[in-house]
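Residue numbers 7 to 391, in the working numbering, belong to the letters of the sequence shown in order. No residue lacks a Cβ here, since even glycine has one placed at the ideal position from N, Cα and C. Take a look at the structure set out below.
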Amino acid sequence: MRALVAAALACLAFSTSQAIAAPTPAAPPQVVDLPSSALTLGRAVADWQLWHMDGQFDYVKTHKPGTQNPRGWIQGAFYVGLTAFAERTGDLTYAGAIWNHGDEEGWGLGKRPLHADDHVIAQAWLWTYARDHNPAQIAPVKARFDAILADPPTADLKFIDGTEQQPCQARWCWSDALFMAPPTWTALSAATKDPRYAAYGAKEFWAATDYLLDKDESLYFRDSRFFDRRDDQGRKIFWSRGNGWVYAGIVNILKSLPANHPERPRYVALFRKMSARIASLQKPDGYWSVSLLAPEHSPPESSGTAFFVYGLAWGVNQGLLKDPKYAASARLGWSALARAVQPDGKLGWVQQVGYAPDHVEAGDTQLYGAGAFLLAASEVSRGRF
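Following this line, the structure appears as structure tokens:
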């Protein structure tokens with residue numbers, strides 16, 4: 007495996023140099039098999055992470071209990087990425103890992119009935135249901151969401167600073183939630199043919215977007231606490247991974263939303279608007295800064311970057327992003343991600359659990375980072391950028 011990863015990294019180093027300096031006309035063009043290298047690195051990251059799912063998670067610096075929660079958002083985000091990669095590769099090992107996890111958990115959700123973080127794991131169960139058509143695999147999420155439809159929450163979306171339990175989190179009042187919950191609601195409609203779930207997801211998604219999206223910047227504040235916060239140079243603070251959650255969430259909504267759904271054009275328009283802004287903020291090294299408007303002195307950060315590469319590559323592959331700048335951005339971003347993969351397959355440079363731009367080191371990793379990487383690998387491996 008180490009030899010394969012090293013070969014893929016060498017291949018990507020070549021591709022990056024070619025993006026910077028094209029060959030002279032006299033030299034025959036050399037084809038770099040980027041899709042193949044993406045699959046190789048995706049397998050390395052998936053295998054490393056699955057090998058380290060022993061419940062100890064000794065590599066985690068913070069929030070270890072949350073990481074150990076088999077139905078929580080940290081593991082849920084990893085399994086969302088693993089489903090995309092299993093779908094792309096057709097590898098029964100990865101599909102089996104998802105199935106085994108669901109079976110062990112009884113296809114259940116987290117304990118908090120309304121909290122978006124406790125809904126994301128059901129995206130993996132819905133993926134499995136699409137293949138098995140076993141009603142037991144979606145019974146818990148259907149029961150949970152039916153109860154919400156019967157008595158929808160009406161909380162205000164304002165975060166209260168200094169409060170551990172946020173009343174607003176009965177709804178989607180923080181950017182991360184738009185990855186965790188809305189795609190689950192849309193996928194449940196696709197599974198059951200009941201449009202009520204996608205309709206509720208759209209209503210709450212747009213309520214959160216109207217509240218959190220800075221329309222001048224086409225970027226999301228993480229939550230209302232950041233509306234008036236500024237950095238030491240007076241700039242607005244837009245967290246990379248916070249926007250990555252939203253951007254990848256939009257993609258995952260569109261993946262299961264019917265082509266003729268009345269909300270689809272609105273989601274596509276937002277996706278394109280965010281894509282243009284995101285591509286404009288990429289740093290020359292291929293990464294995005296942890297604080298998107300503050301690129302100076304920023305170390306690499308792989309989780310936000312992976313979500314952005316995923317969305318850009320998906321948009322290019324779907325024909326939604328036609329300008330060559332998007333393919334170039336996805337390619338440069340993937341080359342940056344490849345440099346974050348260590349020889350054994352461990353993904354580094356993952357900012358730890360948080361809610362704002364923060365410090366990150368080369369050895370930092372987390373399951374949601376691996377999940378984001380696998381989402382990116384699943385799309386980069388479909389095309390040539």
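If you measure between the beta carbons of residue i and residue j, is that distance less than 8 Å?
i: L327; j: L318; result: yes
i: P188; j: I80; result: no
i: A382; j: A334; result: no
i: E302; j: Y293; result: no
i: V386; j: V315; result: yes
i: A204; j: W191; result: yes
i: W212; j: A362; result: no
i: G255; j: L184; result: yes
i: G108; j: A130; result: yes
i: L202; j: L132; result: For clarity, residue 202 is Arg in the given sequence; the question names Leu instead. No, Cβ-Cβ distance for R202 and L132 is not below 8 Å.
What separation, rounded to the nearest whole angstrom, lies between the Cα atoms of residue i and residue j?
i: N323; j: W340; result: 15 Å
i: A208; j: D291; result: 36 Å
i: F91; j: T134; result: 13 Å
i: P76; j: D182; result: 18 Å
i: A298; j: A142; result: The identity of residue 298 in the sequence shown is Leu, whereas the question assumes Ala. The alpha-carbon atoms of L298 and A142 are separated by roughly 42 Å.
i: S309; j: F277; result: 19 Å
i: A300; j: F84; result: 28 Å
i: A214; j: P159; result: 13 Å
i: A153; j: G116; result: 15 Å
i: T68; j: G87; result: 22 Å
i: D200; j: L194; result: 8 Å
i: C444; j: K279; result: For the chain, the structure presents residues 7 to 391; residue 444 sits outside this window and is missing.
i: L98; j: I104; result: 10 Å
i: P268; j: S262; result: 14 Å
i: S224; j: D238; result: 22 Å
i: R247; j: D364; result: 11 Å
How would you call residue i, buried or exposed, if buried means at least 16 neighbouring beta carbons within 10 angstroms?
i: K242; result: buried
i: Y65; result: exposed
i: D370; result: buried
i: A265; result: exposed
i: L373; result: buried
i: E367; result: exposed
i: W3; result: No statement about residue 3 is possible, as the shown extent of the chain runs from 7 to 391 and does not include it.
i: G78; result: buried
i: A346; result: buried
With a cut-off of 8 Å on the beta carbons, I'd call residue i and residue j a contact; round off their distance for me.
i: L120; j: S230; result: With 8 Å as the limit, L120 and S230 do not qualify as a contact, their Cβ atoms being about 18 Å apart.
i: Y226; j: V252; result: 5 Å
i: P417; j: G389; result: The structure shown does not extend to residue 417, since the chain spans only 7 to 391, so no value can be given for it.
i: A376; j: G250; result: Incorrect: roughly 14 Å between the Cβ atoms, too far for contact.
i: S384; j: G321; result: Going by Cβ atoms, the distance from S384 to G321 rounds to 14 Å, so no, they are not a contact pair.
Given 8 Å, three or more beta-carbon pairs between the segment 155-175 and the segment 96-112: Not touching, per the Cβ criterion.
The segment 280-287 in contact with the segment 349-364 per 3-pair CB rule at 8 Å: Output reads no: the segment 349-364 does not touch the segment 280-287.
At least 3 beta-carbon pairs within less than 8 Å: the segment 144-164 vs the segment 116-125: yes
Three-pair Cβ contact test at 8 Å for the segment 270-284 versus the segment 47-59: No, the segment 270-284 does not touch the segment 47-59.
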